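Quick notes on the structure that follows.
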């Protein structure tokens, strides 16, 4: 059968309206049960009806409707009130209705069962089985009116009560043991998790805090009361509204669970991060009446997360914002400028000049110290809303919020240059450095990444114009940068498609005006733009590293061409082939091996090959340079310094390096006239070369007067448009076939 639901009660809970209704229904059910059996008894024993029975039924109904409320209001512990009420009900039924006195020991058994029920605080099973046995007893007494059957009825009643008590109480004890074990497991788990527990009676307004809960906040037993204020009063003011809102949302059913991280004040005055979790107990009618949960100290995890977040957004060396945080703030500035058309900002790209020299000279530790000092100086004079970020290496970016125009941004950049121009003292060393700054103005229609790119482009323009200066980005710079990117892509394809051609410019002996050799020069036969001069693509090749495969291509093709001329006897073995060697090529670890491969493939005498290097190549690392040049000379390869006089000219390195030829740069030859300063400089260079036993080649000779002057000054060889432009292989072969040359006619053709 279906039983009426009875309320779950405890010593510390309030009796809800639903509880009262349950008690009333239970009492009413008992009364109806007695009435039903009374009707049976009346039918069987018509003469036994007594007005006392009617009064008893009325009394039961009144007790059923009002008794539970009366006893609860008059007695704090309603479960005990209900037990007394139930025993009295049994007594009234038996005395007034059946007119049979139950023996004292049987009635005592009923009282004991009711008391056990009260002690367990869960009367559902016990109340129902006592009610059933009592109804059965009443029915049996009605059906068997013979008083002699009383002992049998009483014995049956007592046996039934004992049997059912054994079954129900045993079941209850087993359930209680399981509940105790479960609670013990939960308590052990809570202790193992090092959590603090709390139990909040929402109606009484009292909270139980476990010892661990108090210990987590630095308090002992007796130092924390049972008020909710002990909890909420310690929550950080910034977090309190969110905690209250989360609890209210959970109680309303808007949230699936209560869980929130917040800060709580520790006894030592510092805030700790706590994780509060809990569940609510109650029903749909009365709502939440109780919340229980745990408190976990997550301070260490939050600090670790904050450190990880800091590491993700800030530079580890300088503590400045990194690229990620800069781009985030830059995106905010862009969105702000879209909302407010008059909002203008500026991006300054700052790159230190000569930092590599300083870093290599002082060491990386002092180099890092210098970068930290630079970051601090960049912040000087900036507003709080401005941002200084380090992108990496010696590159910094300054985001200027709300600037009036490009003029204001330029003035800020110039102040930064002045600040960075003051000496630094990393490790006690006095160090001077400068910076190049590119500026890109931001506003509506710009993107964050594009602004950084544009500022970077402007910075490179500042470096190209002499370093230590400021350059403002304009659209032409972007067009040039894009053209450079396209050129790089085309150059890569050119190497794959074999579009690089080698032309040969004659080098003439000024003593007899005979051909002394050729200089191999690269030309790019672009499919759309035609032949491109070296100045149009060699800088890009140097910057991208493509100069290494390009240079080896020129060396291999030139040597193959010379081999072909030698095989066809178009040239004698006294001709010298000069090939330029770039700084990147010279530093390449496979240089000697690749040169050996080319010479072995072409079967050339190494003495016919002359490699031209610039002064900057020779000055990079003296010891390694001496070793590399020594290995080249040991193979019989000749060495020359190209563009002499434009780099770090030093008598000491000329003495140390096995150089055989100096090539005077065209800038000294261009304006040379007898008695001029240019003439004196060339005279000095020639004298220096002769004193060291070197040959001299004058580059860029274009007029007959220049030929005469460099010959007078003692130059042994010359090359330039006066003699011939760079010739393709067919034209060079034709020149070789002439045997004798009329060089003066070349000038007119030029």
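In the working numbering, the protein residues as written are 81 to 830. Idealized CB from N, CA, C, for every residue including glycine. Small disclaimer: the values here were computed from a predicted structure and weren't measured.
When 391, 388, 358 are compared against residue 376, the one with the closest alpha-carbon: 358
Inter-residue spacing [alpha-carbon to alpha-carbon] between residue 652 and residue 579: 29 Å
With residue 521 as the anchor, note down where its alpha helix (DSSP H) starts and where it stops. Segment 514 to 522 is the beta strand (DSSP E) holding residue 521; no alpha helix (DSSP H) there.
Might you give, ordered along the chain, the residues of its own chain that have their beta carbon closer than 7 Å to the beta carbon of residue 134, omitting 5 neighbours on each side? Any reading at residue 134 needs caution, since the residue's pLDDT is 46, under 50, leaving its predicted position unreliable; the model's value is listed next. No residues qualify anywhere along the chain.
Given residue 290, which residues of its chain have a CB within under 6 Å of its CB, disregarding the five upstream and five downstream residues? 276, 277
Of the listed residues 412, 403, 341, nearest to residue 381 (C-alpha basis): 341
Alpha-carbon spacing of residue 325 relative to residue 463, whole angstroms: 38 Å
Nearest-angstrom Cα distance between residue 564 and residue 535? 16 Å
Can you give the Cα-Cα distance for residue 78 and residue 760, rounded to whole angstroms? Because the chain spans 81 through 830 in this model, residue 78 falls outside it and cannot be assessed.
Write down every uninterrupted run of the alpha helix (DSSP H) in the stretch 371 to 407 whose length is 4 residues or greater and which is fully enclosed by it, in chain order. 379 to 393
Around the Cβ of residue 696, are there at least 16 other Cβ atoms within 10 angstroms (buried) or fewer (exposed)? exposed
What's the gap between the Cα of residue 499 and the Cα of residue 456? 10 Å
If you reduce the DSSP assignment to three classes, tell me which class residue 575 lands in. helix
With distance defined between alpha-carbon atoms, name the residue in 780, 556, 808 nearest to residue 802. 780
May I ask you to verify whether the stretch 782 to 802 touches the stretch 587 to 607, counting CB pairs closer than 8 Å and requiring at least 3? yes
Whose CA, out of 547, 557, 506, lies closest to the CA of residue 530? 557
Going by beta carbon distance, what residues of the same chain come within less than 7 Å of residue 483, once the five residues before and after it are set aside? 424, 425, 426, 489
Relative to the C-alpha of residue 548, which residue among 450, 403, 431, 384 is closest? 431
Residues near residue 575 in its chain [Cβ-Cβ closer than 8 Å; skip 5 each side]: 626, 629, 630, 633
At a cut of 8 Å, does the stretch 289 to 303 reach the stretch 381 to 398 through at least three beta carbon pairs? no
If you reduce the DSSP assignment to three classes, tell me which class residue 831 lands in. Past the edges of the chain, shown from 81 to 830, lies residue 831, and the structure says nothing about it.
Classification of residue 562 by the beta-carbon crowding that lies within 10 angstroms, buried from 16 upward: exposed
Would the beta-carbon of residue 637 fall within 9 Å of that of residue 600? yes
Euclidean distance between Cα positions of residue 817 and residue 823: 15 Å
Identify every run of the beta strand (DSSP E) within the stretch 692 to 724, keeping only runs that are complete inside it and at least 3 residues long; order them along the chain. 718 to 724
Between the C-alpha atoms of residue 402 and residue 496, what's the straight-line distance to the nearest angstrom? 19 Å
Here's the rule: buried if 16 or more other CB atoms are within 10 angstroms of the residue's CB, otherwise exposed. What is residue 411? exposed
Continuous alpha helix (DSSP H) stretch holding residue 630: start and end: 627 to 647
Residue 707 vs residue 671 beta-carbon contact at 9 Å: no
Kindly identify the DSSP beta-bridge partner or partners of residue 344. 315, 352
Do residue 400 and residue 469 have their beta-carbon atoms positioned less than 9 Å apart in this structure? yes
Throw me the rounded Cβ distance for the residue 769 and residue 776 pair, which I believe falls under 8 Å. 5 Å
In this structure, what does DSSP give as the bridge partners for residue 605? 611
Could you have a look at residue 496 and say whether DSSP puts it in helix, strand or coil? helix
Under the three-state DSSP convention, the category residue 585 falls into: strand
Verify whether the separation of the beta carbon atoms of residue 532 and residue 454 is less than 9 Å. no
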